[in-house]
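A short write-up of the structure that comes next.
Residue numbers (my numbering): 1243 to 1411.
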């Protein structure tokens, strides 16, 4: 084997140093900068993604807070509007109820007054007719009693029934 021949060792070592030096120069000046640039780009991308993710996370949190705030605000406004509407409806209902009660009271009073007047008129008519009928009965039963009996009957009926007798009925 020619590699193990001691006469070619010096040339092999020479070429070994040459190629090692070329490889080192290539590695230091070409491969390492490329790898460094690639790693730097990856770092910047991942760091950019991380920064962008943090920014988006913060934006999401602030947007979520704003949405929740506006939802709570809208809920409060809706609750206030509903409460105000219910109060207005209650007031309106109360006013209508009061006016209806007042109207019904007036109608009941008017009806009671009309009934009382009708009752008074009916009693007056009954008393009047009773007096006339009684007067006629007494005249038929006591035809000879004359004017004195008629005046006594009228006085008695007037005292008991409080009705004036009219003879023309």
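By construction, the Cβ of each residue, glycine as well, lies at the ideal position given by its N, Cα and C atoms.
- Query: Roughly how many angstroms separate the alpha carbons of residue 1339 and residue 1328, rounded to a whole number?
  - Reply: Translated into the one-based positions of the chain shown, residue 1339 becomes position 97. Translated into the one-based positions of the chain shown, residue 1328 becomes position 86. Residue 1339 and residue 1328: Cα-Cα distance of roughly 16 Å.
- Item | Separation of residue 1267 from residue 1276, as counted between CA atoms | Taking the chain shown and counting its residues from 1, one reaches residue 1276 at position 34. Taking the chain shown and counting its residues from 1, one reaches residue 1267 at position 25. Those two C-alpha atoms are separated by around 13 Å.
- For residue 1330, three-class secondary structure by DSSP: Along the chain shown, one-based indexing puts residue 1330 at 88. If DSSP states are grouped into helix, strand and coil, residue 1330 belongs with the helices.
- Between residue 1395 and residue 1377, which are expected to be in contact by the criterion C-beta below 8 Å, what is the C-beta distance as a whole number of angstroms? Residue numbering aside, residue 1395 sits at position 153 when the chain shown is read from its first letter. Residue numbering aside, residue 1377 sits at position 135 when the chain shown is read from its first letter. At roughly 6 Å, the Cβ-Cβ gap stays under 8 Å, so residue 1395 and residue 1377 are in contact.
- Note down the Cα distance separating residue 1283 from residue 1257, rounded to an integer number of angstroms. Within the chain shown, residue 1283 is the residue found at index 41, counting from 1. Within the chain shown, residue 1257 is the residue found at index 15, counting from 1. Cα-Cα distance, rounded: 37 Å.
- Would you kindly work out how many angstroms separate the C-alpha atoms of residue 1344 and residue 1350, rounded to a whole number? Numbered from 1 along the chain shown, position 102 holds the residue referred to as residue 1344. Numbered from 1 along the chain shown, position 108 holds the residue referred to as residue 1350. Rounded to whole angstroms, residue 1344 to residue 1350 spans 10 Å at the Cα level.
- Query: DSSP state of residue 1384, grouped into three classes?
  - Reply: The residue given as residue 1384 occupies position 142 in the chain shown. In this structure, residue 1384 counts as coil in the three-state DSSP scheme.
- Message: Here's a check: name, in chain order, each residue in its chain whose Cβ is nearer than 6 Å to the Cβ of residue 1411, leaving out the five neighbours to either side.
- Response: Looking up residue 1411 in the chain shown gives position 169. Bear in mind that a pLDDT of 41 at residue 1411, under 50, signals an unreliable position, so the number given afterwards is only what the model happens to contain. Only 1374 meet the Cβ criterion.
- Query: The alpha helix (DSSP H) with residue 1256 in it runs from where to where?
  - Reply: Within the chain shown, residue 1256 is the residue found at index 14, counting from 1. Here the alpha helix (DSSP H) through residue 1256 covers 1251-1268.
- Query: Three-state secondary structure (DSSP) at residue 1394?
  - Reply: Locating residue 1394 in the chain shown gives position 152, counting from the first residue. Helix.
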